[in-house]
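Working notes for the structure below.
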Amino acid sequence: MTSSSSQPVKAVLGPTNTGKTHLAVERLTAHSSGMIGFPLRLLAREVYDRVVAIKGSAQVALVTGEERIIPPDARYLLGTMEALPLTRDVAFVGIDEAQLGADPERGHVFTDRLLRARGREETMILGSASIRGLVKNLVPEAEIVSRPRFSTLSYAGSSKLSRLPKRSAIVAFSAEEVYAIAEMLRRFSGGAAVVMGALSPRTRNAQVAMFEAGEVDYLVATDAIGMGLNLDVQHVAFASLQKFDGRRLRRLTIAEMAQIAGRAGRHQQDGSFGTVGQPQGGFTPEEVAAIEGHHFPPLASLFWRNPTPRFGSLDQLLSDLAQPPTNPALRPAPEAVDIAVLKHLAGDLEVRARGGDFDAVQRLWDICGLPDFEQLGAEHHSRTILKLWQWRTSGDGMIDPDWFAKRLARLNDTDGDIDQLASRIAAVRTLCFIAQRGDWIAGAAGWTEQAQALESRLSDALHAALSQRFVDRRLALLLRDAGQRHAALPVAVGQDGTVAVDGEAIGTLNGFQFKVDPVAKASDHRMLLAAAEKHLRAELARRAAALAEGDDSALSLIAEPGTQPRLAWHGNPVATLAKGPTLVQPSVQIDPSLRRLEPVQVQAITERLHRFIATQLARHAGPLAAMGEAAGDLFTPPRVRALLAALTDNSGMIGRATVEDQLNALAPDERPQLRKLGFTIGSLDIFHPTLLKPEAVRWRAALVAAQQGGAIPALPPHGAVLQKAGSQAGLAIAGFRRCANGWLRIDMAEKLARQAHAARMQAAAPPTAPIAGGDDDQHDDTGDEAPHATSPGFLIDPALATSLGLDEDTRRALLGSFGFRTVGDPALQRWRWSGLRKAADKRPRRQKDRKGTEVASSAANGETRRPPAKQAKDKRSKRGKVRTAPPPTPRPERQTRRSPSPHSPFAGLAAMLADARKD
């Protein structure tokens, strides 16, 4: 670590919940190496886990007083501020909670890191805005950046303990107060989690996990929650506003109040703070305004102690440690435990006798750095320090392993009450600290493993004791018997979704939704739901992973009439389709039962469902997705894009009359693009045959309902081609067209249209052999049909219509919609082509025939108009009567014969026949 001031130093200052630590972790991982010092072992462990997830365990180290994880190739180090190695050369250095330099006990350590700890490339100082002036004074080269709080913190006033909102933390400042409040909450609400500084990190994590999992709604804590894990706390209630700081009982400072109150509301979630009753008169208006506005009085100075004392003699060491600072922004640190122990041992005859030995003095000061975890005071702690110093300065310089083993064995007892277990854990932490020092005891790695294992066992026992005392477990379903109060009951989920605890059903789990057994008492519902949420968390996580990573066979579309379109996993709804950017891009609204999952799991499920939709559309409604992409492709001609957009909005099919103008406006080279997509440009409709298949119809109905925000209409049966009744919306989506007293599927209607046009073309073609009773030289100039004295028009075979189930009225109405009209006696089933009515009313436009001659053309079907005078006289005067054949006249020019509609699929065939006649 370099102390050069030439490297950039940035001070990021602001209140709690501003993302300072998150920013420091981002900067740490952006460098090739680095380290961050934290005020608490628990916080260091939390950030260590986060960095391991980013960089891998082989590159990240953890260094605290009681725990050391240092891989050989570690490039990133997280640890407590005291354990931070100043001699390590790294690119980045972070100093968290720098305002703790004003703490009487540990402040000099934070001040020393603030002044001396530097990274090669970047140094970041994190802390409260109250330290801004001191940073400018002590680190003038630092760039100061202020960060606002992500959420609002507001004062909620005073409340009774029984009226506190759920997800509240109650703060007290002594173990007796904490225990009393937790006991009352047990009677009021079923229990509370307990967090105190005296607890081991493992116990504290277990209690916090119980609160986070919702097993209890309240957390009772000391000011230990002011720094450390981010908790899901919405309200902080102060049971007291004063504490004993080791010297006197005093009122909390505004900065301390704000640090604790700031635990309420994390990230974007607003929080509140208040009091339980009116402790010490409650908050003053000035304190409330300062906490809500994050306006705190600036710190006047930081504590400092000489970080590099000399060890020439005991007196020289004491003199250097008492040296006052030269900067007025610094003041001498109060006498900490290590100096108090050193002064106490300075009166010992053996220590005084060796007071001139450099190594002895240096090792004495080194051992004085052992924290007083048991809080027994300097005199009692000095006895342990003296014994360790004697071993360190005699023989091989190592601590007696027998003494260490006996201490470890004496503490290996998990029985006892809360205070006894906490006392044993504190003593074990002392042994963990010693075992971490390989230069103090031989076989340090083995002793470390044993000491940490014992600490874990004692921590688990302490957590169980706290839960047994402060959590109500009287509900019979959650108990085995009085002798097994803290035993975990077996939970099983049956094939039918039944959730059983210890063999008794408490409800059912269908997909991700848990329902309490309907026969359970109403008073038991809350406890049953809490138990299910606790025990089913792993099962829900497993199901979430199975859903996110499984194949499409488990997923399905629920398209029941009268309901919103939904997606199901193993038949259980997991999401609803809603309006999206386009018809083929619906949004996915996750079912409320999945919102209890982790955000990462919900996001993975959402992405999986989007992939399922895309896959199913490509499989069953591929043309719809293709036309949507083509409509949004800038390389698609504008006229084609407009037509495709209309088709997409209508779920892939549209009445031809609706887009007739757009269709006519297409250039000759643009129409093939529609056919290339597989569209059928029919007489009445434009559609894609694939979209009429049953599964495609289901998906199209779901997409339309999602885009319109409505329910799915009733669809016709699979394979139906003719329906007499039904939902108009459902029939339209399924591709049915209204005809007379029924509905016919549009592809069948187009099949009938093609049959009719084929009959028309066949009638217009010259016969290959003489027709009995006919005259080859006689032709009707007023129609397409071959002249016949007794049978005008042409015949359309009714067999196809009959096979489709059409009655005569429906058939006539359908052929009429195609532009065909009956000729003569209806019983003769003779037809003629008259064109579509809507198109016939349009102004005729000029077209050129195949020889280049410009002729008048009907807008509807491209036929040449009849001569207005003579031909009009020859028409029959009444419908159904046969016209008298005119006297033989010369055959008119072929270009005057009416040609088929250019939109007809037989236009090419007609052109070939016309060329053959001319030849």
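In the working numbering, the protein residues as written are -16 to 902. Here a beta-carbon is modelled for each residue, glycine too, at the ideal position from N, C-alpha and C.
Return the residue from the list the options that minimises the CA-CA distance to residue i.
| i | options | result |
| --- | --- | --- |
| residue 626 | 532, 608, 669 and 597 | 669 |
| residue 655 | 675, 674, 628 and 623 | 623 |
| residue 97 | 119, 660 and 402 | 119 |
| residue 121 | 688, 284 and 326 | 284 |
| residue 59 | 436, 19 and 66 | 19 |
| residue 79 | 92, 71, 181 and 73 | 92 |
| residue -7 | 34, 76 and 330 | 76 |
| residue 703 | 44, 743 and 677 | 677 |
| residue 279 | 114, 228 and 732 | 114 |
| residue 28 | 147, 36, 56 and 62 | 62 |
| residue 631 | 149, 733, 610 and 358 | 610 |
| residue 746 | 813, 49 and 427 | 813 |
| residue 586 | 532, 131, 207 and 743 | 532 |
| residue 255 | 139, 643 and 240 | 139 |
| residue 134 | 596, 713, 387 and 275 | 275 |
| residue 682 | 560, 239 and 164 | 560 |
With 16 other CB atoms within 10 Å as the buried threshold, where does residue i fall?
| i | result |
| --- | --- |
| residue 641 | exposed |
| residue 321 | buried |
| residue 851 | Residue placement at residue 851 cannot be trusted, given a pLDDT of 44 that sits under 50; what the coordinates show is reported in the next sentence. Answer is exposed; the Cβ neighbour count stays below 16. |
| residue 95 | buried |
| residue 82 | buried |
| residue 680 | buried |
| residue 129 | exposed |
| residue 419 | buried |
| residue 583 | exposed |
| residue 287 | buried |
| residue -5 | buried |
| residue 170 | exposed |
| residue 906 | Limits of the chain in this structure are -16 at one end and 902 at the other, which puts residue 906 out of reach. |
| residue 904 | Nothing can be reported for residue 904, as the shown portion of the chain is limited to -16 through 902. |
| residue 837 | Here residue 837 scores only 44 on pLDDT, less than 50, and its place in the model is too uncertain to base an answer on. |
| residue 398 | exposed |
| residue 377 | exposed |
| residue 606 | buried |
Can you tell me the Cα-Cα spacing of residue i and residue j, whole angstroms?
| i | j | result |
| --- | --- | --- |
| residue 0 | residue 365 | 40 Å |
| residue 54 | residue 271 | 48 Å |
| residue 665 | residue 721 | 16 Å |
| residue 541 | residue 567 | 17 Å |
| residue 903 | residue 612 | No answer is possible for residue 903: it lies beyond the span of the chain, which begins at -16 and ends at 902. |
| residue 802 | residue 573 | 51 Å |
| residue 904 | residue 117 | The structure shown has nothing for residue 904, since the chain only spans -16 to 902. |
| residue 490 | residue 522 | 15 Å |
| residue 460 | residue 451 | Because residue 460 sits at a pLDDT of 40, beneath the cut-off of 50, its placement in the model cannot be relied upon, and the following sentence gives the value as read from the coordinates. C-alpha separation (whole angstroms): 16 Å. |
| residue 232 | residue 262 | 14 Å |
| residue 553 | residue 800 | 47 Å |
| residue 159 | residue 166 | 11 Å |
| residue 244 | residue 196 | 22 Å |
| residue 646 | residue 617 | 19 Å |
| residue 429 | residue 411 | 15 Å |
| residue 475 | residue 112 | 52 Å |
| residue 620 | residue 57 | 59 Å |
| residue 657 | residue 699 | 28 Å |
In this structure, what does DSSP give as the bridge partners for residue i?
| i | result |
| --- | --- |
| residue 498 | 491 |
| residue 233 | 226 |
| residue 103 | In DSSP, residue 103 forms no bridge with anything. |
| residue 126 | -7 |
| residue 388 | Bridge partners of residue 388: none, in fact. |
| residue 201 | 151 |
| residue 805 | 814 |
| residue 669 | 637 and 664 |
| residue 475 | 483 |
| residue 247 | 216 |
The ligand FMN and residue i: does any heavy atom of the ligand fall closer than 7 Å to the residue's C-beta?
| i | result |
| --- | --- |
| residue 90 | Among the ligands in the structure shown, none appear at all, so the ligand FMN cannot be discussed. |
When the cut-off is 8 Å and only beta carbons count, does residue i lie next to chain D?
| i | result |
| --- | --- |
| residue 146 | Considering every chain present, this structure includes no chain D. It has just one protein chain. |
**OP:** Let me know the alpha helix (DSSP H) ranges lying completely inside the region 701 to 738, each 4 residues or longer, listed in chain order.
**Re:** The alpha helix (DSSP H) runs of length 4 or more contained entirely in the region 701 to 738 are, from start to end of the chain, 711 to 716.
**OP:** Jot down the residue ranges of each uninterrupted alpha helix (DSSP H) in the region 400 to 426, minimum 4 residues, whole runs only, in chain order.
**Re:** As far as the region 400 to 426 is concerned, its whole alpha helix (DSSP H) runs of at least 4 residues are 401 to 418.
**OP:** Report the residue ranges of all beta strand (DSSP E) runs contained in full by the region 19 to 86; include only those spanning at least 3 residues, in chain order.
**Re:** Here the runs fully enclosed are 43 to 46, 59 to 63 and 75 to 78.
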